[in-house]
Each structure stands twice: as C-alpha cells, then as structure tokens.
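*Asks:* For the protein sequence lines, the chains are Y and B, in the order given. Here the first sequence is numbered in my numbering, starting from 1 and rising by one per residue. Here the second sequence is numbered in my numbering, starting from 130 and rising by one per residue.
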Amino acid sequence: MEIHFGAGEASLRMRDVPVMDAHDLYNNLTNGQGYPPLGIPPIAPVPATVSFDIEWSGITDREKVVNVMQNFRGQFVKTGATIDWSAVSHFPDHDFVFQSESPNPDRNLYAVIGHEQNGVFFHLEADDE
Amino acid sequence: MRRTLLGCLTFLFLTSVAVWGQGQPAQVFPIPIPGGDVFVPPVVVPPGFLINQFFPGVGAIYDGQDAEPHGITNFKGHVAMGYTLGTASDNAGKQYAVITDIRVYQGDYIGGQATFGAGGSTSAKSHGTFVEI
Chain Y
1 MEIHFGAGEA SLRMRDVPVM DAHDLYNNLT NGQGYPPLGI PPIAPVPATV SFDIEWSGIT
61 DREKVVNVMQ NFRGQFVKTG ATIDWSAVSH FPDHDFVFQS ESPNPDRNLY AVIGHEQNGV
121 FFHLEADDE
Chain B
130 MRRTLLGCLT FLFLTSVAVW GQGQPAQVFP IPIPGGDVFV PPVVVPPGFL INQFFPGVGA
190 IYDGQDAEPH GITNFKGHVA MGYTLGTASD NAGKQYAVIT DIRVYQGDYI GGQATFGAGG
250 STSAKSHGTF VEI
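(1) Taking 7 Å as the CB-CB cut-off, is Gln75 (chain Y) touching chain B?
(2) For chain Y, check one thing: does any of its Cβ atoms lie closer than 7 Å to the Cβ of Glu261 (chain B)?
(3) Which of the three DSSP states, helix, strand or coil, is assigned to Asn108 (chain Y)?
(4) Can you find a CB in chain Y that lies within less than 7 Å of the CB of Val167 (chain B)?
(5) Along chain B, which residues have their Cβ under 8 Å away from the Cβ of Phe96 (chain Y)?
(6) Under 7 Å, Cβ to Cβ, is there at least one residue of chain B near Gly114 (chain Y)?
(7) Is Gly119 (chain Y) helix, strand or coil when you go by DSSP?
(8) Using a beta-carbon distance below 7 Å, is Asn118 (chain Y) in contact with chain B?
(9) Below 8 Å on the Cβ atoms is my guess for Asn220 (chain B) versus Phe96 (chain Y); work out the distance and round it to an integer in Å.
(10) Roughly how many angstroms separate the alpha carbons of Gln117 (chain Y) and Gly39 (chain Y), rounded to a whole number?
(11) Identify, in the order they occur along the chain, each residue of the same chain with its Cβ nearer than 6 Å to the Cβ of Gln182 (chain B), setting aside the five sequence neighbours on each side.
(12) Need the endpoints of the alpha helix (DSSP H) that Leu29 (chain Y) sits in, please.
(13) Closer than 6 Å to a non-hydrogen atom of the ligand GTP - does that hold for the CB of Asp219 (chain B)?
(14) Please classify Ala7 (chain Y): does DSSP put it in a helix, a strand, or coil?
(15) Run through the DSSP bridge pairs and tell me what Gln184 (chain B) is partnered with.
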C-alpha cells in the first residue's frame, strides 16, 4: 500500500490474489455447512483469484481519536475513495467472472485513512505522525 | 465492547468473495481484536455470530465515527478503509448491486507464531500488510 497520510492519499493495487470463493456469506461463516434454518444448502468453496485497485484521496475531515473502551488511539482523516475490482472463481466446469463498474467517486459511502495503535501498543506514547 | 446490530448492509459485500490475508503467508499470525459486533436475525449471518470487527460510520447501522476500524489487535501502523456502493457484472451479463467494505492494515504487530509443535504458540513481533474485502 502506498500511503501519504498527511496528504490524505493512499492506494493499493493487487493482481490475481489467490483466495477461496465461499459462494455466499452463510457458507463462508459456517465453513461450507450452509444454514438449514434459512434453507441455505452446504456448498464447498472453490479456488478463485481477485484483483483490485483502490484509491483514497481528498480530505474532508480530520480527527484524533482515543477510544479507551475499544483500546485504540490514532489520527484519522476522512477522504473520498474509489475501487475497481474483479474476481474469477474456478468451478470444475466453468469460470465465473465478476467485474465491478468503473471507479466512481460518487459511489463512496465512507472512507478513512488513519495512523493508529491498539492492543499492547495502546498505552505506549502516541506515535503521531 | 460488543454491540448488537439489527442490520448491517455493509456486510453484504461478503456474500461472494471474502479475502483475508497477505500477499505472502504470514509467519507470525495476526490476532483479531477482542471485541466486535454480534449479529441477530434477520441479518444475513447465523444469529449470535460474533464478528471481530466494528463498523465505523454515521447512522443507525454503524458503530459511530470513533469506532475501531482495525480488525487486528496489538497493531501499530496505518489503516485505510472504505465502504462503496455500486454495480458489477458477471461473464453472463448479469448485473449485481454491490456494497464493499475494504480495509487495509500496514505496520508492526505482535501476533502468534507456531512453536513447540502440538499447536503451541508464542508471541512474536512482525511487520506486514493485510487486506480484508
């Protein structure tokens, strides 16, 4: 990931990352067991690859957060964001190809870049950039 | 701190493909944050299922702007996340509505590494980049 926190810019580009396609959320969370109460059948995962380009830019707000309950602190900037991603799932008899629409800043719902520390690092001196 | 959500549309992104890993397999495995959200019906996951993840944002279905965006604990570094809404098409020309929740974590962390065999582990420090889609 390329990140320029002060400028509120970051980008991530990855190609053909091997993953497993669980078909649906229930099978993902139940390791392919389906979810009988809702009639979701068990489906075995299949190998897949994903590629994506993500861009964050355009600061709209800045905030310093110290959240004791959730045990983290950091500096955060709200930004715009776009994503372009695709996936290819390899079934025994065919490939399923999935391609997102062209990146569009108007499709952003909420985006944040931060520099934070949590867990055992929470109580250390803040490492503010 | 756990919080019950009655609905979380942002979670629908997981219905097709879930990614959780690094470009290279981690030798020191990251540890999930201890808290998260618990989903109950009629949400899209088995009821009572704890997700070790909060959902920062403004609105009834989110955990607030000051919620933890990270999914890994004992981490010090950068986080970038975003929710987007849009469409996608498959190779048969079928169109889908898609909501994404993407998070990238890059920095130093203390996780667990396999030692002693038989499932034993010890804490270890490492550096890495992790992506959740």
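By construction, the Cβ of each residue, glycine as well, lies at the ideal position given by its N, Cα and C atoms.
*Replies:* This is what the structure gives:
(1) Locating residue 75 (chain Y) in the first sequence gives position 75, counting from the first residue. It does not; no Cβ of chain B falls within 7 Å.
(2) What you label residue 261 (chain B) is simply residue 132 of the second sequence in a count that begins at 1. Taking Cβ atoms only, chain Y never reaches closer than 7 Å to Glu261 (chain B), which makes this a no.
(3) Within the first sequence, the letter at position 108 stands for residue 108 (chain Y). The answer is strand: DSSP assigns Asn108 (chain Y) an E or B state.
(4) For the purposes of this step, residue 167 (chain B) is taken as the residue at position 38 of the second sequence. Answer no: the Cβ-Cβ gap between Val167 (chain B) and chain Y never drops below 7 Å.
(5) In the first sequence, counting from the first residue as 1, residue 96 (chain Y) sits at position 96. What Phe96 (chain Y) touches in chain B: Asp219 and Asn220.
(6) Locating residue 114 (chain Y) in the first sequence gives position 114, counting from the first residue. Chain B, which has a Cβ nearer than 7 Å to the Cβ of Gly114 (chain Y), makes this yes.
(7) Position 119 of the first sequence, counted from the first residue, corresponds to residue 119 (chain Y). Gly119 (chain Y) falls in the helix class under three-state DSSP.
(8) Reading the first sequence from its first residue, position 118 is the one you call residue 118 (chain Y). So yes, Asn118 (chain Y) belongs to the interface.
(9) Locating residue 220 (chain B) in the second sequence gives position 91, counting from the first residue. Locating residue 96 (chain Y) in the first sequence gives position 96, counting from the first residue. With a Cβ gap of about 7 Å, Asn220 (chain B) and Phe96 (chain Y) count as contacting.
(10) Indexing the first sequence from 1 puts residue 117 (chain Y) at position 117. Indexing the first sequence from 1 puts residue 39 (chain Y) at position 39. For Gln117 (chain Y) and Gly39 (chain Y), the distance between alpha carbons rounds to 42 Å.
(11) Walking along the second sequence from the start, residue 182 (chain B) turns up at place 53. For Gln182 (chain B), where only same-chain residues beyond five positions count, the Cβ hits under 6 Å are Gly165 and Gly200.
(12) For the purposes of this step, residue 29 (chain Y) is taken as the residue at position 29 of the first sequence. Residues Leu25 to Leu29.
(13) What this structure holds is no ligand at all, so the ligand GTP is not there to describe.
(14) Here the question's residue 7 (chain Y) lines up with position 7 in the first sequence. In the structure shown, Ala7 (chain Y) sits in a helix (DSSP, three-state: H, G or I).
(15) In the second sequence, counting from the first residue as 1, residue 184 (chain B) sits at position 55. Reading off the sequence shown, one finds Phe at residue 184 (chain B), where the question assumed Gln. Answer is none; Phe184 (chain B) lacks a bridge partner.
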